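Student:
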Amino acid sequence: MERCKGMRSGKIILYAAGGIYLSAVLSTNYFIPVFSESEIHPSSFINYMLKISKWIGGYGIVWSILAIALSYLLYRTGKHRRERCGNLQKGLILISIIFGFSNVAGQCMHYMDCLPISVSQGWVLFTCGLALGWAIIFYVAAYWGIYFLRDKVKGKNSKCGKIFEFIDLHLFLCSTLFIFVCWIPWIITYYPASMDNDVFFQLATVIGYRPPSNHHPWFSSCIIAFFYKIGLALRNENFGIFLYILFRDVIVVMIYARCVTLLKELGIKRWFYIGVVFFYGITPVWGAYAKHAFKDTFGAALFTFYIISLIVLVKKVQWNQTNVRFFVINGLAGVFAALFRNNIIYCIGPITMVLVFWLLRQKVFWYKISIIILCVLLYFLYNNYILELCGVEKGKINEALSIPVQQIARVVKYHDNELTLFEKQEIDQYFDYNTMAEKYNPILSDPIKDNADFSPGLVNFLGMWGKLYFKYPVTYLEAACGQSYGYYAFTPKREHWEGNWNSNMTIFNWIFADPDYFEKFSFHYVDSLEIPRQILHKGADIWDQIPILNLTDTIALYTWMIVVIAYYLFKERQFADMIPVFAICIVILTCIASPVNDCFRYYAPVASAFPALFALVGEKEMALGEAS
4 MERCKGMRSG
14 KIILYAAGGI
24 YLSAVLSTNY
34 FIPVFSESEI
44 HPSSFINYML
54 KISKWIGGYG
64 IVWSILAIAL
74 SYLLYRTGKH
84 RRERCGNLQK
94 GLILISIIFG
104 FSNVAGQCMH
114 YMDCLPISVS
124 QGWVLFTCGL
134 ALGWAIIFYV
144 AAYWGIYFLR
154 DKVKGKNSKC
164 GKIFEFIDLH
174 LFLCSTLFIF
184 VCWIPWIITY
194 YPASMDNDVF
204 FQLATVIGYR
214 PPSNHHPWFS
224 SCIIAFFYKI
234 GLALRNENFG
244 IFLYILFRDV
254 IVVMIYARCV
264 TLLKELGIKR
274 WFYIGVVFFY
284 GITPVWGAYA
294 KHAFKDTFGA
304 ALFTFYIISL
314 IVLVKKVQWN
324 QTNVRFFVIN
334 GLAGVFAALF
344 RNNIIYCIGP
354 ITMVLVFWLL
364 RQKVFWYKIS
374 IIILCVLLYF
384 LYNNYILELC
394 GVEKGKINEA
404 LSIPVQQIAR
414 VVKYHDNELT
424 LFEKQEIDQY
434 FDYNTMAEKY
444 NPILSDPIKD
454 NADFSPGLVN
464 FLGMWGKLYF
474 KYPVTYLEAA
484 CGQSYGYYAF
494 TPKREHWEGN
504 WNSNMTIFNW
514 IFADPDYFEK
524 FSFHYVDSLE
534 IPRQILHKGA
544 DIWDQIPILN
554 LTDTIALYTW
564 MIVVIAYYLF
574 KERQFADMIP
584 VFAICIVILT
594 CIASPVNDCF
604 RYYAPVASAF
614 PALFALVGEK
624 EMALGEAS
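Each residue of the sequence shown is one higher than the one before, starting from 4 at the first, in this note's numbering.
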């Protein structure tokens with residue numbers, strides 16, 4: 004008896020220590036403390052302890068309550084795992100460790116603009132302890148997330164009242180109406196639409212004020228220009244853009260409503276898919292994007308529809324219901340998504356190859372598989388047609404080289420005195436060497452890449468880039484991390500103006516462009532609606548400060564939840580169901596390689612398609628029943 008009490012007391016102490024440790028990890032300040040002369044001590048060890056006291060900022064009742072909560076969570080996790088006779092899941096441990104080091108690396112870059120290895124050996128050891136703490140936090144969160152996926156999200160719905168019964172019977176219509184009604188205040192008060200420089204650029208390339216360009220997808224430019232011309236015919240430019248917003252948003256809302264019905268059809272519980280309706284309806288970012296005229300709103304929704312079509316196709320093949328229309332829908336969905344965002348083709352191409360290989364193994368008829376292949380080929384034929392026969396300029400290769408460009412710029416900034424004359428001359432062939440150090444921005448490649456000239460040859464550039472890598476590997480790693488950490492590390496939100504006004508969930512509440520565009524276009528807001536516009540904008544800012552609600556805007560949370568879903572499907576041996584997850588992961592990788600760090604606009608296709616992935620964990624038996 005005394006031995007059992009001793010063991011119980013030991014566990015209580017262990018869990019309490021774990022909670023204190025994790026709260027200390029969460030409260031750590033990522034900066035190098037500056038000491039006054041009176042604080043500096045002759046002993047280096049005491050100085051290091053002094054630094055640790057400055058780094059850990061867990062003073063106060065809030066952090067103490069958090070430590071108690073974390074202690075209890077560790078206890079509940081251990082007890083739950085023992086009751087279920089679960090093992091530690093080595094794969095999840097590995098993912099947790101990767102997360103821990105990725106998160107700490109991102110936080111170091113955010114606060115110090117360098118990795119721990121560039122600071123000191125002591126800081127490396129200290130951050131290893133932080134990485135372990137974050138790994139434990141991730142493991143516990145993922146453990147309960149998997150339990151949530153396995154036992155709480157899927158299953159049959161209980162009986163409900165007449166209101167929910169009506170909603171269930173008309174789920175698509177109710178979802179469509181609810182989301183659209185939530186968006187109407189944004190659409191009306193921002194009449195005709197908010198517009199940034201990209202929108203004016205797209206219009207100008209089609210109208211003839213600029214040479215035709217596929218820098219922004221030519222197809223999407225033609226669509227918005229079509230409605231603009233309707234406005235010109237009616238002698239009202241504003242109304243033409245407003246027609247485009249209405250036309251686009253009706254389609255977007257229907258796509259998101261289809262995502263909701265998919266969740267119901269594949270056996271996800273009512274409380275969850277109703278929550279998804281609210282996610283699309285009341286989360287400010289979707290309403291804000293609904294009133295903006297850029298290509299990203301349509302692109303995000305069309306990619307979501309591609310993921311939906313991919314999930315449906317995979318499920319139908321598994322159920323041996325290979326109707327031709329599912330192949331047609333999937334093929335066309337991929338094409339239209341790529342026609343509104345150039346980077347989506349980097350997802351559609353590889354996923355199509357994986358899908359074709361899997362379909363062949365499922366012994367699906369060739370003529371059905373060829374439909375998807377033909378659709379992808381049509382996209383490339385269309386692109387070749389507009390580039391070769393219509394005189395549309397091809398998008399520059401600069402966009403795809405953001406990280407290599409940033410790596411070279413960082414080398415110039417921090418190792419200028421170490422570079423040889425020959426190396427400087429090589430770099431100067433592609434960039435203005437003398438201005439690189441000044442223009443370098445760790446989170447934005449535009450100042451460097453927009454002025455780069457790769458005419459001397461891409462192969463030669465990559466050769467030069469490769470040689471510098473072996474000379475400055477840590478600097479290269481820091482540049483890559485600094486350009487991308489917002490997509491996988493939990494760091495504080497940046498100001499909206501950072502990253503060319505692209506950081507975080509930017510509302511885009513303006514009509515703004517380069518001055519020469521204003522001479523050719525006459526778009527303007529309704530002055531009397533200025534106060535409602537400000538109310539919506541400030542309401543979105545408040546949303547961003549409210550705990551739990553602001554997680555809808557946290558990019559890294561989506562990334563790691565998608566990783567956990569992939570791990571869950573792998574553990575359940577649902578390998579075919581991982582194809583749609585891989586598609587989303589590829590888009591995340593394109594964001595990591597993009598010109599702007601922590602850009603929700605680039606990440607929007609991932610966030611909007613994310614709810615559809617929960618359909619993959621639905622009850623198989625119920626899904627078969629629904630299909631029949």
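Glycine included, each C-beta is placed from N, C-alpha and C at the ideal position. Remember, it's a predicted structure, so these values are computed and weren't measured experimentally.
(1) Is the beta carbon of SER26 closer than 7 Å to that of LEU77?
(2) Measuring only the C-alpha atoms, how far is GLY109 from GLY485?
(3) Taking SER99 as the reference, which of ALA618, ALA492 and TRP361 has the closest Cα?
(4) Using a 10 Å radius around the Cβ and a threshold of 16 neighbouring Cβ atoms, would you call ALA630 buried or exposed?
(5) How would you call MET356, buried or exposed, if buried means at least 16 neighbouring beta carbons within 10 angstroms?
(6) Would you identify the three-state DSSP class for ASN437, choosing helix, strand or coil?
(7) Quick check: what's the CA-CA separation for PRO214 versus CYS393?
(8) Please work out which residues of its chain come closer than 6 Å, Cβ to Cβ, to TYR276, disregarding the five sequence neighbours upstream and downstream, and give them in chain order.
(9) Given a cut-off of 7 Å, decide if ILE587 and ALA612 are closer than it, judged by their beta-carbon atoms.
(10) Does the distance from the C-beta atom of TYR349 to that of VAL414 stay below 7 Å?
(11) For ILE23, I'd like the list of residues in its chain whose CB is within less than 7 Å of its CB, leaving aside the five on either flank, ordered along the chain.
(12) When you compare each of LYS427, ASP580, LEU269 and GLU498 to ASP544 by their alpha carbons, which one comes out closest?
(13) Quick one: what does DSSP say VAL107 is sitting in, helix, strand or coil?
(14) Going by DSSP in three states, HIS83 sits in which element: helix, strand or coil?
(15) Roughly how far, in whole angstroms, is the beta-carbon of ALA293 from the beta-carbon of ILE190, given that I think they are within contact range, below 8 Å?
(16) By a C-beta neighbour count over all protein chains shown, 10 Å radius and 16 as the cutoff for buried, is THR423 buried or exposed?
(17) If we ignore side chains and look at the alpha-carbon of each, how far apart do THR31 and ILE411 end up?
(18) Check whether the stretch 112-130 and the stretch 457-468 are in contact - that is, three or more C-beta pairs closer than 8 Å.
(19) Do CYS185 and ILE248 have their CB atoms nearer than 7 Å?
(20) Exposed or buried, what is HIS219 when buried is set at 16 or more other beta-carbons lying within 10 Å of its beta-carbon?
(21) Using a beta-carbon distance below 7 Å, is MET564 in contact with chain D?
(22) Tell me the rounded alpha-carbon separation between TYR520 and TRP66.
(23) Indicate the three-state DSSP secondary structure (helix, strand or coil) for THR286 in the structure shown.
(24) Pull up the CB-CB distance for LEU118 and LEU480, whole angstroms please, since I reckon it's below 8 Å.
(25) Report the CB separation of THR300 from ARG251 in whole angstroms; it is logged as a contact under 8 Å.
(26) Is it buried or exposed, GLU533, if we count other Cβ atoms within 10 angstroms and call 16 or more buried?
(27) May I ask which residues mark the beginning and end of the alpha helix (DSSP H) holding PHE451?
(28) Within this structure, are the beta carbons of GLY502 and LEU447 separated by less than 7 Å?
(29) Rounded to whole angstroms, what's the CA-CA distance from ILE354 to ASN50? Just pull it up for me.
(30) Assuming ILE96 and TYR33 make a contact with CB atoms under 8 Å, what is their CB distance in whole Å?
(31) How is GLU396 classed by DSSP in three states: helix, strand or coil?
(32) Suppose contacts are defined by Cβ-Cβ distances below 7 Å. Is PHE343 in contact with GLY398 by that definition?
(33) Just checking, does the stretch 568-581 make contact with the stretch 137-153 on the three C-beta pairs under 8 Å criterion?
(34) I'd like to check one pair, PHE526 with ILE514: are the Cβ atoms closer than 7 Å?
(35) So is GLY211 buried or exposed if we call it buried at 16+ other beta carbons inside 10 Å?
(36) TYR443: buried (16+ other C-beta within 10 angstroms of its C-beta) or exposed?
Tutor: So, from the data block:
(1) A distance of 7 Å or more separates the beta carbons of LEU77 and SER26.
(2) 7 Å
(3) Of ALA618, ALA492 and TRP361, the residue nearest in Cα terms is ALA492.
(4) Here ALA630 scores only 41 on pLDDT, less than 50, and its place in the model should not be relied on; the value that follows carries that caveat. By the 10 Å Cβ count, ALA630 comes out exposed.
(5) Flag for MET356 reads exposed.
(6) helix
(7) 11 Å
(8) For TYR276, same chain residues with a beta-carbon under 6 Å away, outside a window of 5 residues either side, are VAL263, LEU266 and LYS267 in chain order.
(9) It is a contact, given that the beta carbons lie within the stated cut-off.
(10) no
(11) ALA70
(12) GLU498
(13) It is helical.
(14) helix
(15) Rounded, the Cβ-Cβ distance is 6 Å, consistent with contact.
(16) Exposed.
(17) 31 Å
(18) Flag = no, the stretch 112-130 and the stretch 457-468 do not touch.
(19) no
(20) Its Cβ being crowded by 16 or more others within 10 Å, HIS219 is buried.
(21) Of the chains in the structure shown, none is chain D; there is only one protein chain.
(22) 52 Å
(23) THR286: coil per DSSP, three-state reduction.
(24) 7 Å
(25) Contact flag correct, Cβ pair sits at about 7 Å.
(26) exposed
(27) It should be pointed out that residue 451 corresponds to Ile in this sequence rather than to Phe. Element bounds for ILE451: 449-452.
(28) yes
(29) 54 Å
(30) With 8 Å as the limit, ILE96 and TYR33 do not qualify as a contact, their Cβ atoms being about 25 Å apart.
(31) strand
(32) no
(33) yes
(34) The answer is yes: Cβ separation under 7 Å.
(35) exposed
(36) buried
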